[in-house]
Amino acid sequence: MPISLAVEDELSEHLLRALLRQSGRGFVIGAVYGKRGAAYLKCRLRGFNLAARHSTWLVLTDLDARECVPTLIQEWFACPLAEYPARRQPNLLFRVAAREAEAWVMADREQFAGFLGIATKAVPVGMDAVDDPKGLLLRLAAQSRNRQVRDDLLPRPGERRTIGPNYNGRLGEFLHSRWRAKAACVHSNSLARAWKRLIAFHPTGGSSGAGLPD
């Protein structure tokens, strides 16, 4: 099943590739758009939605500091929530990570802890409630017993950048080799909802019949 992706960054692309592969639905990823931040995605969402009249699209963005997903949906689709089902094309899968993609990465607690070489109990059980997932990930990475992992994920002293030189590459390696989507769904409700939609999705050429956001 051909599908195009639109994401905020490289990590989100790695995450969706792992998620789609593990879904077992036979998705074949074509073009990947974005990787320029949330503002870029929001600006081009109307175009992605129009393109979904003829092909399948999966858009992933972060909730960040917004109060809730319905607030983001109204902002991005420029309509009241009640009009969202008619505004969104049925072949556009629009998903929101609470509060950042890093929360979905860490939601497979056992594997992520093993990847860092730390105790599983150090990784929270309710990832959607974490206010700053990226900050948490970096704090946990600082505890890693693996020097190469620390060097890849953490910014070097004196540098302005907020992440390490191989942050996306190292986390991408984890996602493709160790991360388990089903296990991660247990500790992230936003991921569990996205997984449910992927598993149940069937492309259509008809008008949108999707309900309100779940």
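Note that the numbering used here has the sequence shown beginning at 74, numbered continuously upward.
Just so you know, even glycine gets a beta-carbon here, dropped at the ideal spot from N, CA and C.
Rounded to the nearest angstrom, the Cβ distance from Arg253 to Asp181 is 5 Å, consistent with a contact under 8 Å. At the C-beta level, Ala257 and Leu248 stay beyond 7 Å of one another.
Looking only at Leu226, Leu271 and Ala91, the smallest Cα-Cα distance to Thr235 is reached by Leu226. Met74 sits exposed, since fewer than 16 C-beta atoms from the chains shown fall within 10 Å of its C-beta. Residues Arg160 of the same chain have their beta carbon placed closer than 7 Å to that of Cys152, with the five preceding and five following residues left out of the count. Straight across, the Cα-Cα distance linking Gln95 with Arg233 is about 36 Å. Between the alpha carbons of Gln147 and Leu118 lies a distance of about 13 Å. About 7 Å separates the Cβ atoms of Ile102 and Leu93, confirming a contact at the 8 Å cut-off. In terms of Cβ geometry, Ala176 and Ser85 do not form a close pair [threshold 7 Å].
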